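Chains X and Z supply the protein sequences, listed in that same order.
So for the first sequence, the numbering used here puts the first residue at 6; every next one is plus one.
So for the second sequence, the numbering used here puts the first residue at 24; every next one is plus one.
All residues carry an ideal CB built from backbone N, CA and C; glycine is no exception.
Note that this is a predicted model, so its numbers are computed, not measured.
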Amino acid sequence: MLLKSKPDIGESEVTDKRLWLDRRRFLAVGAAFIGSGAPALAGPLANVGKSGWRVDDPSTPLNDVTHYNNFYEFGTDKSDPAQMAPSFFGKAPKPWTVTVSGECAKPAAVAYEDLIRPHRLEERIYRMRCVEAWSMVIPWVGVPLGEVLKRFEPNSKAKYVEFTTLVDPERFPGQRGGTLDWPYIEGLRLDEAMHPLTLLAVGLYGEELLPQNGAPIRLVVPWKYGFKSIKSIVGIRFTQTPARTTWMKAAPREYGFFANVNPKVDHPRWSQAKERRIGEFLKRETLAFNGYADQVAALYSGMDLAVNF
Amino acid sequence: MNRLLRHRWAKPLVFVLCLAPLVWLIWRGAAGMLGANPIEALVRGLGDWALRFLLIALAVTPLRQATGWSALSAYRRMLGLFAFAYVVIHLLSWVGIDQFFDWPTITGEIAKRLYITLGMAAVVLLMPLAATSTDAMIRRLGGRRWRVLHRLVYLIGPLAVIHHWMMVKKDLTQPMIHAGMLAALLGWRVVAALRIRHNRAVPSPEPPCASSCSPPSPS
Chain X
6 MLLKSKPDIG ESEVTDKRLW LDRRRFLAVG AAFIGSGAPA LAGPLANVGK
56 SGWRVDDPST PLNDVTHYNN FYEFGTDKSD PAQMAPSFFG KAPKPWTVTV
106 SGECAKPAAV AYEDLIRPHR LEERIYRMRC VEAWSMVIPW VGVPLGEVLK
156 RFEPNSKAKY VEFTTLVDPE RFPGQRGGTL DWPYIEGLRL DEAMHPLTLL
206 AVGLYGEELL PQNGAPIRLV VPWKYGFKSI KSIVGIRFTQ TPARTTWMKA
256 APREYGFFAN VNPKVDHPRW SQAKERRIGE FLKRETLAFN GYADQVAALY
306 SGMDLAVNF
Chain Z
24 MNRLLRHRWA KPLVFVLCLA PLVWLIWRGA AGMLGANPIE ALVRGLGDWA
74 LRFLLIALAV TPLRQATGWS ALSAYRRMLG LFAFAYVVIH LLSWVGIDQF
124 FDWPTITGEI AKRLYITLGM AAVVLLMPLA ATSTDAMIRR LGGRRWRVLH
174 RLVYLIGPLA VIHHWMMVKK DLTQPMIHAG MLAALLGWRV VAALRIRHNR
224 AVPSPEPPCA SSCSPPSPS
């Protein structure tokens, strides 16, 4: 059932969303063609070290990684983010500030450069499993989230970490509609956030992130469904209680707080036992914790994963 | 308009137009233009067109009654059969390409996922309608029974819309548009039926029945 409060203005006065999106798309694509004067698009990242974290499967082609995206801030079609990406660069992507707050000794608003520079960038090739039963293999560039979080000295009350995506309907045309409850919120338990696998990514394929992939800074939690890996982060908050995340609010029966990849626990509307790796014809068996069980299963020992889905 | 619809080339042209979405999808698939997940795009694209053709076929009678373009009735069977064809190809693409004949999974999903169950029900209910679409079958059944049987489409339409509605993740714009169109098309028939009943309450001379040459209308 749809129960909505009445908006202040009549439906007829509002430009149809599709029309508006098309108009934005036209402008955005036009701006991309003209190019000059627009802030620089993503460039190569320097001094990226290799890491031992790499899966043996071939990486998903860059064009697929950058053109098949779930990022409702740009629109609900998977082709929307790549098409609407130029709108993001309509304003300079930087300066970008991340505000760290909550249960910690050193809360601060930190510029993107100051957040990342103290750390060594490394490449990590992770599997990425979407909750919609498709997957990719992506060579991310980033820094371990735990090392970044330690600098803010979380106190003993900090049990969870909450992440917030930028709200800016000029950059994110999808935010003009109420598809989701903006801002996009995600959360991790503190031990999940501090786990060495958890990455704060700033690039992929050796280049800075493009808007459709969550520029300039995003989370990558490879053993959880993709929607946990929140994009374009502006807020990190240490909390005592778990965040009520965006997808939990949107469909509490379908999306839980943990969202660990689990072939044995179906989504209510489809099976999670198999997945289609982008670029492959036959479906693959989905692995427990997306193949990272050896590293992370211990975090959930004693928990009923069918209840804590 | 009636003259245009009865033109020698009008029906072949509509036939080719009805094939165009299928050809377009296959062509884009072969040319690698269906994006990073072409299988999903193909299955969903076929499903979208199955639903659209169902709505188009259901629009024939209201359109004919509203405009007086009686020649439209000659198109109804063909459009209905195209709806059936797109439904069948949609199902086959799911079974043969998406699931690649993984029968345990396929049967399990049909039983477990309500939206797939409803979609399958729509396919099964469409089968007798397609099977009785020939002139010979209409004659064998007799107009009255044929008409009653083909009222199943009033159930199939909602099943198809709900099937789509339930599988959408968040943005319900499209299913809501389909539901609105379906409600209008079925609502038209309800109003028409009520009007006939009302007119019958006031005794009036019955016009002689003259509709045994073309498939009788289920409405």
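Sequence-distant Cβ neighbours of Val-66 of chain Z in its own chain, meaning closer than 6 Å and more than five residues away, are Ser-116, Trp-117 and Asp-121. The straight-line gap separating the alpha-carbon atoms of Val-266 of chain X and Gly-211 of chain X is approximately 27 Å.
Secondary structure note for Ala-114 of chain X: it is in no alpha helix (DSSP H), and the uninterrupted beta strand (DSSP E) holding it is 113-116. When 8 Å is used as the limit between beta carbons, Leu-185 of chain X is near these residues of chain Z: Lys-193, in chain order.
In this structure, Z:Phe-76 is the residue among Z:Arg-212, Z:Phe-76 and Z:Ala-59 with its C-alpha nearest to the C-alpha of Val-37 of chain Z.
With a threshold of 8 Å between beta carbons, Ala-59 of chain Z makes contact with chain X. Listed along chain Z are Ala-59 and Asn-60, each with a C-beta nearer than 8 Å to that of Ile-283 of chain X. Take Gly-219 of chain X, set aside five residues on each side of it, and the residues of its chain with a beta-carbon closer than 6 Å to its own are Lys-236 and Ser-237, in chain order. Taking the Cα positions, Leu-137 of chain Z is about 51 Å away from Arg-122 of chain X. Identification of residues in the region 249-270 of chain X having a C-beta nearer than 7 Å to some C-beta of chain Z yields Ala-255, given in sequence order. Met-133 of chain X is bridged by DSSP to X:Met-141. Taking a 10 Å sphere around the C-beta of Asn-74 of chain X, we find 16 or more other C-beta atoms and assign the residue as buried.
If you look at Leu-154 of chain X, you'll find it in the alpha helix (DSSP H) that goes 150-155.
In chain order, Phe-123 make up the part of chain Z whose C-beta sits under 7 Å from the C-beta of Leu-287 of chain X.
Met-143 of chain Z does not reach chain X, its nearest Cβ partner there being about 15 Å away, counting only Cβ pairs nearer than 9 Å. Val-83 of chain Z and Leu-141 of chain Z have their alpha carbons spaced roughly 25 Å apart. Neighbours of Met-190 of chain Z in chain X, taken as residues whose beta carbon is under 7 Å from its own, are Arg-274 in chain order.
Residues of chain Z with a Cβ closer than 8 Å to the Cβ of Trp-139 of chain X are, in chain order, Asn-60 and Glu-63. Chain-ordered, the chain Z residues with CB closer than 8 Å to the CB of Tyr-73 of chain X read Gly-58, Ala-59 and Asn-60.
With 16 or more other CB atoms across the displayed protein chains lying within 10 angstroms of its CB, Met-253 of chain X is buried. Between the region 81-90 of chain X and the region 101-111 of chain X there are fewer than three C-beta pairs closer than 8 Å, too few to call the two in contact. Phe-314 of chain X is classed as buried because its beta carbon has at least 16 other beta carbons within 10 Å across all chains shown.
Taken atom to atom, the span from the alpha-carbon of Thr-155 of chain Z to that of Ser-96 of chain Z is near 17 Å.
Chain-ordered listing is empty here: chain X has no CB closer than 8 Å to the CB of Thr-130 of chain Z, the nearest sitting near 12 Å.
DSSP links Ser-106 of chain X through a beta bridge to X:Arg-242. Inter-residue distance for Tyr-189 of chain X and Gly-307 of chain X is about 30 Å (C-alpha atoms, whole angstroms). Sequence-ordered contacts of the region 49-74 of chain X with chain Z read Asp-69, His-72 and Tyr-73 [C-beta pairs closer than 7 Å]. Shortest Cα-Cα distance from Thr-71 of chain X to any of X:Ala-163, X:Leu-214, X:Pro-257 and X:Arg-249 involves X:Leu-214. DSSP, read as helix, strand or coil, puts Gly-203 of chain Z in helix.
What Ser-84 of chain X touches in chain Z, judged by beta-carbon distance under 8 Å, is Gly-58, going in chain order. Under the 8 Å Cβ criterion, the region 164-179 of chain X does not count as touching the region 109-118 of chain X, having fewer than three qualifying pairs. Arg-281 of chain X is classed as buried because its beta carbon has at least 16 other beta carbons within 10 Å across all chains shown. For the 8 Å CB-CB criterion, Glu-191 of chain X and Thr-250 of chain X form a contact. Per DSSP, the beta bridge partners of Asn-265 of chain X are X:Lys-229.
The three-state reading of DSSP puts Trp-92 of chain Z in coil, since its state is none of H, G, I, E or B. Taking 8 Å as the upper bound for CB-CB distance, Trp-58 of chain X and Arg-129 of chain X are in contact here, some 4 Å apart.
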